[in-house]
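Here the sequence shown stands for residues 395 to 694, where the numbers follow my numbering.
Don't be surprised by glycine CBs; every beta carbon is placed ideally from N, CA and C.
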Amino acid sequence: MGTVIYVNGRFVAKEEATVSVYDHGFLYGDGVFEGIRVYHGRIFKLDAHVDRLFDSAHTLGIQIPLSRPEMTRAIIETVRRTGLRDAYIRPVVSRGPGDLGIDPRKCPRPNVIVIVDTIQLYAEEAYRKGLRMITTSTRQRPVDVLNPRIKTCNYLNNILARMEVNLVGVDEGLMLTTQGYVAECTADNIFIVKSGRVLTPPPHLGILQGVTRQTVLDLCGPLGIPAGEQILTLHDMYGADECFLTGTGAELGPVVELDGRTIGTGRPGPATLRILGAFRELAAREGTPVYEASGAPAST
Ligand code: PXG
């Protein structure tokens, strides 16, 4: 019960979960990862996350030594061993141990890690009052430098943006492309609502194609809310009726202020709250069951 970590086929306690300091994930940020939620004993959007992990690894030429079904089973089994019914899963595949040069050919064996732990969420107050945000001077990496669609272990660009957020003392940071178009937040995607339409930047601009982002786009149809992808500027953001960010950790976080400008009424908007309600309802009923197959539901 509690934290269990899968390390290359073994299930170990937190203290025993170690990898080599020669791992290029540590030396160079050479690896990929995912962040997945467990709600009520079910893993939310597991296949979408496993697909994104394999797609990221494929682009970096990291050969994951498990098939997609094997990785899926490893994730389910790690959660099962924790006994947790609400949890956060962090699969990580690093290039593996090599020598002190960057050449990935020196790393024959990737490390496959699955961490399952509890998650620290935004306070409920943040959902009630809404989040305050700034635009960071740190820009999103252009797609022709290191495509943000690849979920790599190198998050320095986002961390530099996060440091600006901390310095100002607000909740989140909005990152722009080098052209000045709205990209995404430091660890979340961004949406606005304008004249009844839900809008979010298109993936080819250079953003992570968030699983929560796609879930929101899919939910809007059945809710009767028109939704789509559109290039956005700061002018669109400041003039939005509503704004919210999306991510596995945050779910939907209403944003009520950007760069000192109040967005909409300055309170979480009605469309945002409707979509958040629909999202939570979906997360409560959908997902890959962890405990039903073994017939031994956990008590936590
Ligand atoms: N954009 C970026 C840059 C992200 O890192 C998202 C969007 C949202 O994607 P999903 O698939 O989760 O809807 C992410 C993912 C954290 C943390 O500690 C969060 C992410 C990554 C790393 C750490 O909150 N979010």
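Contact under 9 Å by Cβ, residue i with residue j
i, j, result
"Ile586", "Leu626", "yes"
"Thr571", "Gln534", "yes"
"Gly477", "Thr532", "no"
"Asn505", "Gly425", "yes"
"Ile669", "Phe638", "yes"
"Ala520", "Asp565", "yes"
"Arg479", "Asp511", "no"
"Arg475", "Pro491", "no"
"Ile553", "Thr580", "yes"
"Pro664", "Gly524", "no"
"Lys545", "Phe438", "no"
"Leu599", "Val539", "no"
"Val401", "Gly681", "no"
"Glu636", "Thr666", "yes"
Ligand 1 heavy atom lying under 8 Å from the CB of residue i
i, result
"Asn583", "yes"
"Asn548", "no"
"Lys523", "no"
"Thr642", "yes"
"Pro542", "yes"
"Thr580", "yes"
"Ile496", "no"
"Gly419", "no"
"Ile586", "no"
"His629", "no"
"Arg607", "yes"
"Gly600", "no"
"Arg446", "yes"
"Lys500", "no"
"Lys545", "yes"
"His434", "no"
"Thr567", "The amino acid occupying residue 567 in the given sequence is Gly; Thr does not appear at that position. Checking every heavy atom of ligand 1 against the Cβ of Gly567, none is found closer than 8 Å."
"His452", "no"
"Gly604", "yes"
"Gly429", "yes"
Nearest-angstrom Cα separation, counted from residue j out to residue i
i, j, result
"Thr659", "Val444", "39 Å"
"Ala517", "Leu676", "21 Å"
"Ile399", "Val684", "16 Å"
"Thr640", "Leu421", "31 Å"
"Ile528", "Gly403", "43 Å"
"Val559", "Gly643", "18 Å"
"Pro498", "Gly654", "45 Å"
"Tyr575", "Asp582", "16 Å"
"Ser693", "His434", "For Ser693, the predicted model reports a pLDDT of 43, less than 50, meaning its position is unreliable; a value from the coordinates is still stated below. The straight-line gap from Cα to Cα measures roughly 11 Å."
"Leu561", "Leu515", "21 Å"
"Leu361", "Glu686", "Outside the shown range of the chain, which is 395 to 694, sits residue 361, and nothing can be said about it."
"Tyr414", "Ala451", "The identity of residue 414 in the sequence shown is Ser, whereas the question assumes Tyr. Computed Cα separation, rounded: 20 Å."
"Val649", "Leu494", "44 Å"
"Leu646", "Ile584", "10 Å"
"Gly455", "His629", "40 Å"
"Glu409", "Thr466", "24 Å"
"His418", "Val487", "11 Å"
"Asp717", "Lys500", "As shown, the chain starts at 395 and ends at 694. That puts residue 717 outside it, with no answer to give."
"Pro691", "Arg436", "Only weak support exists for where Pro691 lies, its pLDDT of 47 falling under 50; the value from the coordinates is given anyway. Roughly 11 Å separates the two Cα atoms."
"Val592", "Leu652", "18 Å"
"Arg543", "Phe405", "30 Å"
"Tyr549", "Arg607", "19 Å"
"Thr412", "Thr656", "46 Å"
"Ile513", "Ala481", "6 Å"
"Pro596", "Ala672", "23 Å"
"Ala634", "Asn551", "27 Å"
"Leu460", "Ile496", "24 Å"
"Ile458", "Ala407", "23 Å"
"Pro616", "Met631", "25 Å"
"Leu613", "Met557", "33 Å"
"Gly689", "Arg522", "Confidence at Gly689 is low in this model, with a pLDDT of 47, below 50, so the placement of that residue is unreliable and no value is reported for it."
Beta-bridge pairing of residue i - partner residues as DSSP gives them
i, result
"Cys637", "Ile586"
"Asp565", "Asp565 is not bridged to any residue."
"Val592", "Val587 and Ala621"
"Cys579", "Leu568"
"Asp417", "Pro491"
"Pro459", "According to DSSP, Pro459 bridges with nothing at all."
"Arg656", "In the sequence as presented, Arg is not what sits at residue 656; that position holds Thr. Answer is Glu651, bridged to Thr656."
Any non-hydrogen atom of ligand 2 closer than 8 Å to residue i Cβ
i, result
"Asn552", "In terms of ligand content, the structure shown lacks ligand 2 and carries ligand 1 instead."
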